[in-house]
Every structure is written in structure tokens, then in C-alpha cells.
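**Student:** Could you have a look at this structure, given as C-alpha cells, before my questions?
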Amino acid sequence: MRLDDVVGQTETIERLKSYVKSRNLPHLLFSGPPGVGKTATAVSIAKELFADSWRENFTELNASDERGIDVVRTKIKNFAKTSPIGGADFKIIFLDEADALTSDAQAALRRTMERYTNNCRFILSCNYSSKIIEPIQSRCAVYRFRPLSDDAVAERVLFVASNEGIEVSTDGMDAIKYVAQGDMRKAINALQAASLVDNIVHKDTIYKITATARPEQITDLIDTALSGNFIAARKLLDELLLDQGLSGEDVVGQIYRAMLNISISQEKMVELIDVIGEVDFRIAEGANERIQLEALIAHFVLKGGN
Amino acid sequence: MTIPKEWAEKYRPKSLTDVVGNLTATKQLRSWAEKWINGAPEQKAVLLHGPAGVGKTSTAHALATDMEWEVIELNASDQRTADAIERIAGSASRMGTLVGMESKRLIVLDEADNLHGTSDRGGAQAIGNIIRSTGQPIILIANDAYGIPSSVRSNVLEIKFNALQTRSIIPALKQIAQKEGVMYGAGIIEKIAENADGDMRSAINDLQAVAVGRSEINIEDIATAERDNKDSIFKVMERMFKGTDAKAALEATYNLDESPEDLIHWIDENLPIQYAGEDEGMITGPIRKGYEYISRADLFLGRVKKRQNYIMWRYASVLMTCGTVVSKAQPKRGFVKFNPPSLWRRMGQLKARRNMRNNIAAKIADHCHESMRYAGTDIASIYSVLLEDRDYAPAVVAELQLDLDELAFMAGASKVTKKLQKIYDDAQELRKEKIETEVTFFKVKEKQKINEDQKQTRLADVINNKGKGSEEKNGNNEPIKENNKREEITKKPQKTLFDF
């Protein structure tokens, strides 16, 4: 994995490459949705800067596991204090999901970032930079990672597939794009898992291994319900839940995704999404998923029937 | 090979004259420092407060260099319990008070508004103690002055740092670029300075970010994110309030670096203005509907918070953005300006009031042996009523050891009036008398204190403040004075007057 392999973030990567070339790195803050290449980029920087000794000079802490003030005052500070190894100019501390750090912990990080710049640089990643306190943002060069387009996902999937000698059919690729939703991690995982089943990747394998209903099954369910036929819609639902063994939460999630593209008035769409959210919440709280989904379908029937 | 350095570190001002902007603040600081040449001034500590990256820490260190003072720094990366503070800063503060030692030690307590409740237990008290007893200059640094306990604030000279003007950032950046041998094209320095929004450090960082590995930089080279993303949020607002396409409004939020938790405040602020009818005071259909949607959205945000279930954010997003779009029948003509959430502006004030309320509740709780919560909700109002009675008031103030601000707060006054000042002065008299009486007559009855550092400090407060007076009065009475000293540390005021 090298910086050149990160797709869909061209400008950012160009800039980061010149840091590596000049062997000079400011503190960095990467913000963006999951699976767009923040961690991959951080690791690539370390690999390209430190070559063989990158493991010794790169520490990754997942802030959502170790989020308290004590970690910052002991573990991080100690790593920052000690000298780099193997002729490297500095070390890198990568704080993944830094927005999970409590604000006290973030505050404790500030002076550490400044005092040990001779030894060490920080790379922080987060979903929203607004969750990182101002004083830390002010100490970092902030790079925003954009959500990946389906094309960017496809490009990378094809690259990996050809490297691994896997063939991906056209409908297989569509399925990967649907499942990934712009998250490269999901796309590659799906590809890898599917390739273990069959050397040619088809859509059915992708949907099966990712426990996803085919998109047309979902639209079929919604259309049937909106047309007013509750019993038929419930049968379709049972197919998903009972025959295919999908989880209620996954089905709700897919119904949500389909909502933005169905042909009802915008107002009804918003109202239905409100109900979907409610059902999602109840299922998450432990309610019976079949009953909740049936109730959801009933709402669709009412909304469809004017 | 030389170790590459962060420019923000490399170009930290070495002397006060190098500090960019905030002239009044640096002048104030310098004159405070110069007082130390002739012994300790009245205010032995200063508090530098202001937004990030404007040079508070740099100024403190530059001052030390100018004055040739040694620096002892304690910041949030250190554990700051009472013990730790006392060990490091406390011992430093007493050194060099011996005759003949000329050079001072500057104690810098950085990030003083970030004392951690449990990890830094007792830290605030310890800082208060050190400030009172120090023989060395102390600088406290904070983003938020209200984050400093009022007991500490009342003993420091506050110096405010403001966000820098873009036009004072520009020449500084140009100077750095020249020193680093970087050629700059038209407009890029100005753009970086503007993006920084008054934060010098982030401006330097952005300059370095764009300049590393280049010998010439141009405006299109800027790849770092805009620090101030007001532009993009205004576009989203436009889509929501002026547009009719719900999906487009939702998609516009995807590129926004603003969580739904923040976005909802933007919508809340602007909804009633954007959807107002002819008569501004009237509630229109769209406003009512819009609030219905954002209140549902808010419910989902609450669920995210409670369960850490971030999936729920998507429903919140749809309800607030698409909901806002569909609440109106058709877009209103004419442009009405979008405003940033006023709630954020008021947050500082709210925090100050909350701190004040908590401090008062703590004093009442202490006095009445009740929980802070109960003291705040149920007892505080009774004391407020008592404060209305001119005869009772001084005793209440004396017993609870309220300071002047707290008295004004409890009396519901917006500022300190003459009447309140009089009550306060009377209370100080009462306290003075009380302590003298206690010390004289109850000196043997030492109460055992269990882990009540707080009270100990307060008594010390009282005695430190009033010590002079009592010595004068008892000037001819040697034994009492002796006792007075011995009692200082261990005895606490007797409580009888208002023990409910």
C-alpha cells in the first residue's frame, strides 16, 4: 500500500506526497466518513517515510478504545517523548477516531503536540472536524477526505481484482457498489469474501455473503405495500426475514436507502422516513423485528392509499 | 541531516516585541512584569485568556526571555492534582523569596481552564493557594476565563487576547515565507490568512502545509480544508429554506463538515425568520410544521447520544433537512440573511451563570450538610429571600462566605449596587469579629476534619484577608496572637447562625 494507491482524494494525496518527499510533516487532521482512506493514508505515509523501520516509528491508537485523559497523559506522552528509531527523523502517532476522545483528553493533548515536535508528529482522524476542539485544529493541517464516488470504488475494486486474479462480472460490480455505499473497506471485504466462494464474482454471491437483500426485492416490497396490498407485502417481507435470514436492522436500513428514489410526494417520503427511524430504534431496543416491520409496512399501505 | 521543524514552533516569538497583534495585552503584561523588579506586586498572578492560536503561551514564554526569568510550566498534559501542583509549582513559588536572590522564576499554568474533575482533584484549590502565597510571578493561561473558578479569578489580573486581524497575519506570513526561501504568488498569503480566522498558529501551519517541498506557491495549491466553512453551510441553508428539492438538500449536507448535532442549531436559529409571514410575530404553517420535523430530528439525536447508536443520525439528518424543505408550500421571495446559532454565542454566558450557581450551591451544601443538588434546587431560594432582609443579609453572606459577585447573583441584581456593597462590607466585619471570638474562646475545641480541604482553604482565606485587622486590634495581647497563628491551619468557623 502506497500513497498512490489511495483513490478519490487526488489533491490531498498530491500534497501529502510532497511532505514525504521533503521528509517534513506537519501535524495532520484527516476528517471524513468511514472507508474513504484516512487510515490507509496515514499508514502509507509512515511506510514511505520510514521504509523498513516504519513499525517501530508508527503507533496507532484507536481513540474510541482508549479515550480517557489518562491515556493521553501516560501512553501517548511517553511515546511522544522517546526518540525515533533506526535513523528516522521523527515518529508518527496516529490517533484514529480522535473525535471519540473526551474534550478533557483532547485538551491534555495540546501541549504534548507542541513540545515534542522534534521527536514526533501526530496524525488525527475523525468523522467531523467540528468534534475536535479548536486548539487542536489550530495545531494541525486539516485535510478533508471526500466520500468516494461509485466510480472510484469500482476503479479500485478492479485493480485489486486483477492483481489477485479475480474476475468481476458487471452485475457483480453493481452489487459491490450498492453494498459499499462509498466505503472502500466494505467493497474490498466483499470482494475478498466473494472470491473465496467463486473465481468469478456475481451479484448473488455478493448479496449473499454481505447479508444484503437484492435492491429490487426491497423496491418490490415497498411498491407492493404502497399499492395497498398488505398481505402480499408481508409475504415478501417473510421471504427476506425467514427464508434469506436477513436481520431486521439490515432490512430497515435498505428500505431507508430506497426511500430517496421512490415515487411518492416528498412530504410523504419524509413522514415515512420518520416512521422507519422509529422502527429502527425500536428494533435496536430489542423489539420484535417482524412485528415492527409489519407495522412499518402498514404505514406504507396507508400512505400509498390516499 | 537537520531535523525538520514545525514552523509554528520555529517562529514562535522570542521577545514580546515579536508578538503579533494584541498590543494592549502585551503592554499590560509587560507593566505587570516590571512591577516584580521591586518586589511582589499586589496581584501576583495574571490570567491570559482568549481564543486558540493568538499567542497566549508564546507571549508568556517571550516575557520570561525578556525578563531573563526561568520558566516552570505545568499544562494539561501533566497530571495536576493538588499534590502535583503543590510539589512542582508550589515549591517553585516559594524559592527565591530569600533576600539576595534576584532572578525570578515564572510559573506558567497553561490550559488552566481544563482541570479535570477527577484526575486533577483538588487542583483548583491548590492553584488558589499558590497564588496567594507565592513569592514568584505566575501566569495562568486559558481559552475560557469562565472556566477558571471564581475563587481563583478574584485574585488575578485578567488580560484578554483577541483573535488577530487578517491584515496583521499577512505580513507575518510573508516574513516566514521569505525566511524559508519560498516564493509566493498573488493572493495566496491573503487567502491563507483569511482562512485562519484570526488564528495565527493555524495560519502558519497552513502556510507550511502548502509550502513543504515547493519553492514557489500559488493560490490554487491550497489543498487543506477551509478552516471556516461558513460558505458551505450557507449553501446548505439556501437549499433547505429556498429550495424545493428535498433530496438535493440532503445531498448538500454530505459534503458538509458539520455533524447533525451542530446543523440542527443552524436550522433552529433561522427557521422562524426564514418562514415568517407578513407579521413577524405570527406563527405560520411552515414554522409550525418545520418545528415538528426538527423536534423529531432532535429526538433521534438524543437517541444517538444516549445509546451511541450513530445509525440514528441518518434519520435526524433527513428529518431536519428534508423536513425543512417540505414544510413550506413554496419558497418565499426575497433574500433574508442566514444567521449562525445565537445559542453558541450565549454559551459562554450560560456557562458563567452555571458555574456561579454551582459555586453557590456548593457553599450552601457545605453549610447545611446537604447535597449540592438539593442545596441548589431547594435551599438556595430560601437564602435569596433572607438576603432581601437588610438585617439578616450580612449574616447570611458571612456564614456562607459569599463573594460580592455571588451575593449580586443571589439577590438577582445585574450589577453590584451600593446597597449590596454595604451588605458585603458588613458581612466582612461580622466575619472578622466572629473569627476573633472563636479564636479567643473556642481555641481548644478543635474539630476533626475529614477530607475537607475546601473549608481549610476558606478559613485560610478569611484569616489571610483579615489577619492584619485582627493583629492591630489585638496588638497588645500577645497570647491571643499566638493562638491565632496556631489555629489558622486547623480550625474552621463555628456554624450556628443559619444551620437550618
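These protein sequences, in sequence, are chains X and A. All you need for my numbering is the position in the first sequence, starting with 1, plus 155. All you need for my numbering is the position in the second sequence, starting with 1, plus 1. A virtual CB, placed ideally from N, CA and C, is assigned to each residue, including glycine. Keep in mind the model is a prediction, meaning the values are calculated, not measured.
Using a Cβ-Cβ cut-off of 7 Å, state whether Tyr316 of chain A counts as contacting chain X.
**Tutor:** Yes, because at least one Cβ of chain X sits closer than 7 Å to the Cβ of Tyr316 of chain A.
**Student:** Straight-line CA distance for His357 of chain X to Leu279 of chain X?
**Tutor:** Going by the C-alpha atoms only, they are around 38 Å apart.
**Student:** Is it right to say Lys57 of chain A is buried, meaning 16 or more other beta carbons lie within 10 angstroms of its own, or is it exposed?
**Tutor:** With 16 or more other Cβ atoms within 10 Å, it is buried.
**Student:** Do the CB positions of Glu449 of chain X and Gly403 of chain X come within less than 7 Å of each other?
**Tutor:** Contact flag unset, no.
**Student:** From the DSSP output, in three-state form, read off Glu217 of chain A for me.
**Tutor:** The answer is strand: DSSP assigns Glu217 of chain A an E or B state.
**Student:** Can you tell me where the alpha helix (DSSP H) holding Thr254 of chain A begins and where it ends?
**Tutor:** Start and end: Ala247 to Tyr255.
**Student:** Tell me, please, whether the CB atom of Cys323 of chain A is closer than 7 Å to any CB atom in chain X?
**Tutor:** It does; some Cβ of chain X falls within 7 Å.
**Student:** Using a Cβ-Cβ cutoff of 8 Å, what residues of the region 189-209 of chain X are near chain A? List them in chain order.
**Tutor:** Within the region 189-209 of chain X, no residue qualifies.
**Student:** I think Val171 of chain A touches Ala194 of chain A, with their Cβ atoms under 8 Å apart; what is that distance to the nearest whole Å?
**Tutor:** In the sequence under discussion, the amino acid at residue 171 of chain A is Ile, which differs from the Val named in the question. Right, the Cβ-Cβ distance comes to about 5 Å (below 8 Å), so this counts as a contact.
**Student:** Around the C-beta of Gly400 of chain X, are 16 or more other C-beta atoms found within 10 angstroms, so that it is buried, or is it exposed?
**Tutor:** The residue in question, Gly400 of chain X, is exposed, as its Cβ has fewer than 16 Cβ neighbours within 10 Å.
**Student:** Going by DSSP, name the residue or residues bridged to Arg389 of chain X.
**Tutor:** Looking at the DSSP assignment, Arg389 of chain X forms no beta bridge with any residue, so it has no partner.
**Student:** Less than 7 Å between the beta carbons of Gly91 of chain A and Ile131 of chain A, yes or no?
**Tutor:** For Gly91 of chain A and Ile131 of chain A, yes; Cβs fall inside 7 Å.
**Student:** My output table needs one value for Asn196 of chain A: the three-state DSSP class, helix, strand or coil.
**Tutor:** Asn196 of chain A falls in the helix class under three-state DSSP.
**Student:** When you check each C-beta in the region 337-363 of chain X against every C-beta of chain A, which residues fall closer than 8 Å?
**Tutor:** Result list empty, no residue passes.
**Student:** Quick check: the Cα distance between Lys474 of chain A and Gln402 of chain A, rounded to an integer number of angstroms?
**Tutor:** Bear in mind that the predicted position of Lys474 of chain A carries a pLDDT of just 44, short of 50, making it unreliable; the figure below should be weighed with that in mind. Answer to the nearest angstrom: the Cα atoms are 22 Å apart.
**Student:** Using the three-state DSSP reduction, which class does Arg178 of chain X fall into: helix, strand or coil?
**Tutor:** The answer is coil: DSSP assigns Arg178 of chain X none of H, G, I, E or B.
**Student:** Roughly how many angstroms lie between the CA atoms of Ala330 of chain X and Tyr362 of chain X, to the nearest whole one?
**Tutor:** Whole-angstrom Cα-Cα distance: 7 Å.
**Student:** Between which two residues does the beta strand (DSSP E) containing Asn310 of chain A stretch?
**Tutor:** It is not in any beta strand (DSSP E) - Asn310 of chain A carries neither H nor E in the DSSP assignment.
**Student:** In the DSSP assignment, what residue or residues form a beta bridge with Ile321 of chain X?
**Tutor:** For Ile321 of chain X, which the question treats as bridged, DSSP gives no partner whatsoever.
**Student:** Are the CB atoms of Pro395 of chain A and Leu431 of chain A within a distance shorter than 7 Å?
**Tutor:** In contact: Leu431 of chain A and Pro395 of chain A (Cβ atoms closer than 7 Å).
**Student:** Would you say Gln421 of chain X lies against chain A (beta-carbon separation less than 7 Å)?
**Tutor:** It does: the Cβ of Gln421 of chain X has a partner Cβ on chain A nearer than 7 Å.
**Student:** Taking all protein chains shown into account, decide if Pro332 of chain A is buried (16 or more other Cβ within 10 angstroms of its Cβ) or exposed.
**Tutor:** By the neighbour-count rule (16 or more Cβ atoms within 10 Å), Pro332 of chain A is not buried but exposed.
**Student:** Find the residues of chain X that neighbour Ile170 of chain A, judging by a C-beta separation of less than 8 Å, and give them in chain order.
**Tutor:** Residues of chain X passing the Cβ test: none, with the nearest at roughly 13 Å.
**Student:** Any contact between the region 200-214 of chain X and the region 254-270 of chain X? By contact I mean 3 or more CB pairs, one from each, below 8 Å.
**Tutor:** The region 200-214 of chain X, when compared against the region 254-270 of chain X, does not touch it at the 8 Å Cβ threshold.
**Student:** Closer than 8 Å is the cut-off here; do at least three beta carbon pairs connect the region 166-183 of chain A with the region 203-212 of chain A?
**Tutor:** Yes, the region 166-183 of chain A is in contact with the region 203-212 of chain A.
**Student:** Just by C-beta distance, which residues in the region 281-306 of chain X are closer than 9 Å to chain A?
**Tutor:** Cβ contacts with chain A come from Asn282, Tyr283, Ser284, Ser285, Lys286, Ile288, Glu289, Pro290, Ile291, Gln292, Ser293, Arg294, Cys295, Ala296, Val297, Tyr298, Arg299, Arg301 and Pro302.
**Student:** What does a CB cutoff of less than 6 Å around Gly468 of chain A pick up in its chain, not counting 5 residues either side in sequence?
**Tutor:** Any answer about Gly468 of chain A is weak, because its pLDDT of 43 lies below 50 and its placement is not dependable; what the coordinates show is given next. Nothing meets the Cβ criterion.
**Student:** If you follow the beta strand (DSSP E) that His454 of chain X is part of, which residue opens it and which one closes it?
**Tutor:** Not the beta strand (DSSP E): His454 of chain X falls in the alpha helix (DSSP H), residues Glu444 to Gly459.
**Student:** On the criterion of 16 or more Cβ atoms from any shown chain inside 10 Å, does Ala46 of chain A qualify as buried, or is it exposed?
**Tutor:** With 16 or more Cβ atoms within 10 Å of its Cβ, Ala46 of chain A is classed as buried.
**Student:** How is Phe162 of chain A classed by DSSP in three states: helix, strand or coil?
**Tutor:** Coil, per DSSP.
**Student:** Could you confirm whether any beta carbon from chain A is found closer than 7 Å to the beta carbon of Asp251 of chain X?
**Tutor:** No, Asp251 of chain X does not count as interfacial toward chain A.
**Student:** Is there a C-beta anywhere in chain A that falls below 7 Å from the one on Leu256 of chain X?
**Tutor:** By this cut-off, Leu256 of chain X is not an interface position.
**Student:** To the nearest angstrom, how far is it from the Cα of Leu395 of chain X to the Cα of Ile386 of chain X?
**Tutor:** Cα to Cα, Leu395 of chain X sits roughly 15 Å from Ile386 of chain X.
**Student:** Mapping the DSSP letters down to three states, classify Ile417 of chain X as helix, strand or coil.
**Tutor:** Three-state result, Ile417 of chain X: coil.
**Student:** On the criterion of 16 or more Cβ atoms from any shown chain inside 10 Å, does Phe162 of chain A qualify as buried, or is it exposed?
**Tutor:** Buried is the call here.
**Student:** Among A:Phe235, A:Gly278, A:Thr25 and A:Leu300, which has the Cα closest to the Cα of Asp268 of chain A?
**Tutor:** Looking at the sequence itself, residue 268 of chain A is Ile, so the reference to Asp does not match. Checking every option, the nearest Cα to that of Ile268 of chain A belongs to A:Phe235.
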